[in-house]
Every structure is written in C-alpha cells, then in structure tokens.
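Some notes on the structure that comes next.
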Amino acid sequence: MKAAVMTGIRQIELKERDIPVPGPGEVLIRVEYVGICGSDLHFYEHGAIGDVVVHPPFVLGHEVGGTVEKLGPGVQNLKPGDRVALEPGRTCGHCEFCRTGRYNLCPDVIFYSTPPYDGAFQEYVTHEAGLCFKIPDSMDTMEAALIEPLAVGFHAAAQGGAHVGMTAAVMGAGCIGLVSIMALKAMGVTRIISVDIMEKRLSKASELGATDIVNGSRTDAADELMRLTGGKGTDLVIETAGTEATTRQAIRAAKKGSTIVLVGYSATGEMTLPLSMALDKELTIKTCYRYRHIYPMAIEAVASGRVNLRGIVSNVFPLQEMKEAMEQSLQNKADIVKAVIKV
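Take the sequence shown: its position 77, counted from the start at 1, is 76 in numbering that gives the first Met the number 0, and no numbers get skipped.
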C-alpha cells in the first residue's frame, strides 16, 4: 500500500508499506478520507507538540472514514463492505478513568498520529472493531472522517452545558470553532456569536449556524460581545483559538456566573489571564480534551441533517499531494478552512 510518511520537519514522501493484518477483535479498513487536523500541521511544522516529539519516519492523520475490508478473529459487529467512522483512540479499559467512563483521559491510550503511534494517511489501517462506527446510507465516508472533529465540538458544548435559550460565543472560526457552532446549534442554543479575524471563516461560520459574527481585527471583540448582549455578557464562551488575547476576551465577555470552555491549545502552553475578574464574576472555567461517548450522537446529528458536516470542507487533495496539502494549509489559512485528503 501507499503511505504518506513524514521523513523530517516539513518533509513528507509517498512510500510503499505492507498492508497491515487485523488481529483478534480488529478489522482492516480501506481508508477513503482523512481530515488534516491542526495537530497534524503542528507536528509537520515543528516536529513536536509540547513534550510529544515525532521521531521520523512517521505517519500523521487521525480523522478517518473508510470501508471495512477484512475481519480479524472474533469480530461480529461488522462485515466487509461496511462504511465506518473511526474513533482513533484505543484505551486500556482498566484504569480509573476508563472504569469511570472518562476514557478520553486514559493515560495509556494508543491514539492515531500521536507519537509513537502511526496515523492514517495511508491506504489501509487496522483498528479495534468496537471503535469503528457504521454510518447510514445517508452519509458518505468524507463525513465519516469528519465525525472526529465534530465529536470535539459536541464535547465542548456538553462541557459548557449548552441548552435551548442560551447565548453562546465561539472564539475562533477554524475547524474546531465551526464544529462547535454546529454542535451548539444542534443542541438548541438560540444565539451563537462567532469571533475571528478572517472574513472567509466568519462567512463560513454564518453559513453553518452563527447568528452573529464579530471581526476581532476591526473591533474589540469583548466590547462588541457585550454590546450584542445588551451589556449582560454571554451565557457560554467556547474558546478554540488558543490565544491569550481571545481567552482574556472570553473572560471579559462572559456573563456573571457563566461558563467558559477552553478548547484551543496556546503556542506556549502558558497565558497571563485576568483571574481577579473571573473570580469577581464567579465564572466556571472548564477544559475539553478530545471527547467521550460522542460518536453515535454525532453520527445521528449528521445523518438526520441537523449538522452540515460537509460544509466545513474547503479543499480536497489526493494522497499523492499530501505535502502540498500540508504546505497550503499552513501558508493559506485565510482561505483553507478545512482540508481533507482523499486516499
């Protein structure tokens, strides 16, 4: 099979590799679409995220949709030809976090494209059958691949207690910001304000469910959020940009007693924030790490038409143009909202 292999920082080559063999409880998946995630871009550009370091050769990619090709011993929930969305993290099932249902916090997770575990920018992968979720006929495998980022959006919205009647702000209108908007809308949030500095992304946010948009390059975003809410502030802020500036704005714009959910990773991992203001407002600050128990709900939301998941895709590249796709995604952020690789 062909695999797009990272051979160094900002270096990807198409290589020949053996097709993997599914073990007990696993299936062989013919990969059809893989989304390019921000973490893929960070590994590609810098070779590391924090203390997680890539040691080439390495395969990136964890947002996967494809078709079951072959069953390993003992698999009964799937058959060849089933089209599936892959939840990319295999957890231990035995630790405190797995046993209490918070499996996304498992310290021994094996997660696609998180070193030292190869990802899915290749023609075939094997995966645990229980983490391969069948999609209905109304969906395609591109949408199946994008269930992974959508699950992050639903988890963020759930962390914030999203419900009918709320006013929510989403800081950042990249992929995770957009899926957060769609998740909030699907969960009944009445008013959703999208904040970004790029007009194309704000236009996409409006198309996908934002009721108001704020261009932070033209106005003070926190002041504008307060104006749009009649000086009260928002009931919920989901911060996806991962910058100190937008996180400070989130604290300023949040209503007293409300919730902020931090999703975006900062470049340095550290910020200086107005915590005295957060204390005076009695804000609840939560964080969001991947997702848990979300895939079936996310698939249903797409299948029922409540979420237009294809709407976030701005560019599709073939596997043989993997390096070009990564470079364009890095250099043309104003126009490339979400790139997907067609394998």
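Just so it is clear, CB atoms sit at the ideal spot from N, CA and C, and this is done for glycine as well.
Here the structure is a predicted model, which means the values were calculated and not measured.
With a cut-off of 8 Å on Cβ pairs, the segment 148-164 is in contact with the segment 260-268, counting three or more such pairs.
For the pair Val53 and Thr6, the Cα-to-Cα distance works out to about 10 Å. In this structure, Arg251 sits near Ala221, with a CB-CB distance shorter than 7 Å. Leaving aside the five residues that flank Gly187 on each side, the residues in its chain whose CB is nearer than 7 Å to its CB run, in chain order, His162, Val163. As for any beta strand (DSSP E) of minimum length 3 sitting wholly inside the segment 189-229, the runs are 190-195, 211-214, ordered along the chain. Per DSSP, Met270 lies in no alpha helix (DSSP H) and is assigned neither H nor E. Between Gly24 and Gly60, the C-beta gap is not smaller than 7 Å, which leaves the two residues out of contact. Excluding five sequence positions before and after Leu85, the CB atoms of its chain that fall closer than 6 Å to its own CB belong to Val63, His126, Cys131, given in chain order. Collapsing the DSSP output to three states places Arg29 in a strand. In this structure Lys341 does not touch Tyr123 by the C-beta definition: roughly 15 Å separates them, more than the 8 Å allowed. Burial state of Ser303 is exposed, judged by a 10 Å Cβ sphere holding fewer than 16 other Cβ atoms.
For Pro317, the enclosing beta strand (DSSP E) stretches over residues 314-317.
Annotation for Met276: Ile250 place their beta carbon closer than 6 Å to its own, counting only its chain and skipping 5 residues before and after.
Beta-bridge annotation (DSSP): Cys131 is paired with Leu85. In the three-state reduction of the DSSP assignment, Thr233 falls in the strand class. Taking one beta carbon from each stretch, the segment 95-107 and the segment 64-75 have fewer than 3 pairs nearer than 8 Å; the two do not touch. Take Ala47, set aside five residues on each side of it, and the residues of its chain with a beta-carbon closer than 7 Å to its own are Val53, in chain order. Going by DSSP, Gln121 is part of no beta strand (DSSP E) at all; its letter is neither H nor E.
In this structure, Gly208 and Lys184 form a Cβ contact; the two beta carbons are roughly 4 Å apart against a cut-off of 8 Å.
Assignment of Ser257 by DSSP, reduced to helix, strand and coil, places it in the strand class.
As the crow flies, the alpha-carbon of Val306 is around 19 Å from that of Arg289. Taking C-beta atoms as the reference points, Ile175 and Ile191 fail to come closer than 7 Å.
Scanning Gln10, Ala2, Glu243, Ile11 for the CA closest to the CA of Asp17 turns up Ala2.
Per the DSSP secondary-structure output, Glu15 pairs in a beta bridge with Lys1. The DSSP-derived three-state label of Lys184 is helix. Going by DSSP, Lys341 is part of no alpha helix (DSSP H) but of the beta strand (DSSP E) stretching over 338-341. Around the CB of Val20, fewer than 16 other CB atoms lie within 10 Å, so the residue is classed as exposed. The shortest CA-to-CA distance from Asp279 to any of Ile293, Lys254, Thr267 is the one to Lys254.
For Met170, the secondary structure class from DSSP, reduced to helix, strand or coil, is strand.
DSSP, read as helix, strand or coil, puts Glu281 in coil.
Secondary structure at Lys322: helix, using DSSP grouped into helix, strand and coil.
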